[in-house]
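This report concerns only the one structure given below.
In our numbering, the protein residues as written are 1 to 560.
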């Protein structure tokens, strides 16, 4: 699988790039309230103590003609005494320096470490036995090493795992330049995103395979560069595993409130939005009804949702619906003044990051608008349903308390956006744009097509700033943080309702779509039909969503 791979490139400017400055948020970080390990700069993973390094020194760059498509490799600098490198760092050249690698040492107190894992006699860290040359690059001349990059995979001793590659510009590194980690202190990792691909030289970022609220895999920030990977075969690298059952790097209650006060984004709704958000309590106060299968009369819902059936699963036995008559028309519009964000705080990446999921509730999701080239067609029913739950997730670095990225949920999917790609207001508070009628979340204003943006055919998601907004830094409620322990955060009754927040109504939306297709130019009909069939099934009927706790990302990681 491994071997020296050389590829030709035109000789270009091979002078080292200047050592870059790391990206910084718009405003300085505050002094966080006192806690255990959150924002302390170091985290204890059991037998290992780790520090995040975000200062780097240039090693080698791919130096393509279009440098924005290349990648650059760095080694961490400013490593505290007693800590060791586990691998080098790589990132694309088309973005600010925004990354990290972890460096590690054995936990200072062996007696404390024994509480976290089975006591063994082998050291947690060891030097590799040797290196495998995975790739090298040069300018086409085998006799010259000028501008060449060498990629070395450490060969771990038996019972140990390699965590990352080393990159040099000439000879093989010394064995004491890196450490391998004892296997029981590691977890499986997987390739994530392709960072670079040219001939046989391909580079991926990596991430833990076991993620989500219960996953203990810890991202080290290293990269992988293996080509022709056989499907199903694990990478030759591992990530770390957090064996500290207390997750001492997670924020306490005071720190959670400080984080949302500092980072809480502002949600902007489209200036033509009709179906605005509200609080759940306002929705219940204004006539929402609980229905049971076989019973045509709904039951009023208590303001806290205490009479909603809790637990179980989405079995179709119960659902929530709107009242009838004029009250129905009124409640659909929501109440912006009473709107708030509902917070679920949970560990991410083995407790080295904190995810703050902010859920927003709208009593009604409006019908969609179809875009076909320059034509915009308002659909009568397609896309509409009672109740809408949407969310974004702030990912916070537990080493520093720094905002790292935000996940934007968008109908049946979503996307992570790095902190340097966000818009901000009032310091470090990001801006969230909610699409008209559908309430999907986006990081910038504009029109986003759900379908084929290239052809300009699909469902419109229109986003713009307006006077309709909710500031989550002041309008929020903490509803769940399981890692804090039982009873620390009182979960509201409605959060335990696992059924649909809205009735299921099936209608022949295909007929409406077919009518649209038939009036289009013949050259467009086939493309439009193909795109229609790929749209989410929820567009073809009215079906209320399940609540936040029934979503996969309540326990699991976000998609994307």
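Glycine included, each C-beta is placed from N, C-alpha and C at the ideal position. Bear in mind the structure is a predicted one, so any value in this text is a computation, not a measurement.
query: When burial is assigned at 16 or more other CB atoms within 10 Å of the CB, is residue 196 buried or exposed?; result: buried
query: State whether the stretch 373-381 contacts the stretch 284-291, with contact taken as three or more CB pairs (one from each stretch) at a distance under 8 Å.; result: no
query: Count Cβ pairs between the stretch 330-349 and the stretch 476-493 that sit closer than 8 Å; are there 3 or more?; result: yes
query: Do the stretch 119-130 and the stretch 416-434 meet, that is, are 3 or more Cβ pairs less than 8 Å apart?; result: no
query: Touching or not, the stretch 25-37 and the stretch 423-435, by the rule of three or more beta carbon pairs under 8 Å?; result: yes
query: Candidates 186, 183, 208: which alpha carbon is nearest residue 193's?; result: 208
query: I need the DSSP call for residue 400, collapsed to helix, strand or coil.; result: coil
query: For residue 259, report the span of its alpha helix (DSSP H) as first-last.; result: 253-263
query: Thinking residue 161 and residue 183 are a contact (beta carbons under 8 Å), I'd like their distance in whole angstroms, please.; result: 5 Å
query: Using the Cβ count rule (16 or more neighbours within 10 Å means buried), how would you classify residue 544?; result: buried
query: Spatial neighbours of residue 53 within its chain, please: CB distance less than 7 Å, with the 5 preceding and 5 following residues excluded, ordered by chain position.; result: 76, 78, 79, 100, 101, 103
query: Given that a residue counts as buried once 16 or more other Cβ atoms are within 10 Å of its Cβ, and exposed if not, what is residue 548?; result: buried
query: Taking the alpha-carbon of residue 180 as reference, which of 190, 528, 85 has the nearest alpha-carbon?; result: 85
query: Enumerated in chain order, which unbroken segments of the alpha helix (DSSP H) with a length of 4 residues or greater are wholly contained in the stretch 54-83?; result: none
query: Decide if the stretch 258-276 is in contact with the stretch 426-439; the criterion is three or more beta carbon pairs, one per stretch, under 8 Å apart.; result: yes
query: CB-CB under 8 Å to residue 30, same chain, minus the five flanking residues each way: which ones, in chain order?; result: 258, 262
query: Please report how far the alpha carbon of residue 90 lies from the alpha carbon of residue 416, in whole angstroms.; result: 19 Å
query: Nearest CA to the CA of residue 463: which residue from 271, 204, 172?; result: 271
query: Report the option in 205, 304, 254, 389 whose CA atom is closest to the CA atom of residue 87.; result: 205
query: Can you give me the C-alpha to C-alpha distance between residue 446 and residue 454, rounded to a whole angstrom?; result: 15 Å
query: Would residue 529 be called buried (16 or more neighbouring beta carbons within 10 Å of its own) or exposed?; result: exposed
query: Could you give the DSSP three-state label for residue 340: helix, strand or coil?; result: coil
query: How many angstroms separate the CA atom of residue 150 from the CA atom of residue 351?; result: 34 Å
query: Would you check if there are 3 or more beta carbon pairs closer than 8 Å linking the stretch 295-304 to the stretch 235-245?; result: no
query: How is the alpha helix (DSSP H) around residue 592 delimited, first residue to last?; result: Given a span of 1 to 560 for the chain in the structure shown, any question on residue 592 remains unanswerable.
query: Can you tell me where the beta strand (DSSP E) holding residue 194 begins and where it ends?; result: 186-198
query: Whose C-alpha, out of 513, 363, 357, 225, is nearest the C-alpha of residue 405?; result: 357
query: Per DSSP, which residues does residue 430 bridge with? Please list them.; result: 424
query: Hey, would you say residue 321 sits closer than 8 Å to residue 503, going by beta carbons?; result: yes
query: Going by Cα to Cα distance, which pick from 290, 137, 399, 364 is closest to residue 40?; result: 399
query: For residue 189, count neighbouring C-beta atoms within 10 Å of its own C-beta (all shown protein chains included) and say buried if the count is 16 or more, exposed if not.; result: buried
query: Beta carbon of residue 497, beta carbon of residue 279: below 8 Å?; result: no
query: Is residue 12 buried or exposed, if buried means 16 or more other CB atoms sit within 10 Å of its CB?; result: Caution is warranted here: a pLDDT of 35 is assigned to residue 12, below 50, making its placement in the model unreliable, and the coordinate value is therefore given only provisionally. Result: exposed.
query: Over what stretch of residues does the alpha helix (DSSP H) that includes residue 326 continue unbroken?; result: 325-332
query: Could you check if residue 297 is buried or exposed, using at least 16 other CB atoms within 10 Å of its CB as the buried criterion?; result: exposed
query: Using 10 angstroms around the beta-carbon of residue 59, count the other beta-carbons present and answer buried if the total reaches 16, otherwise exposed.; result: buried
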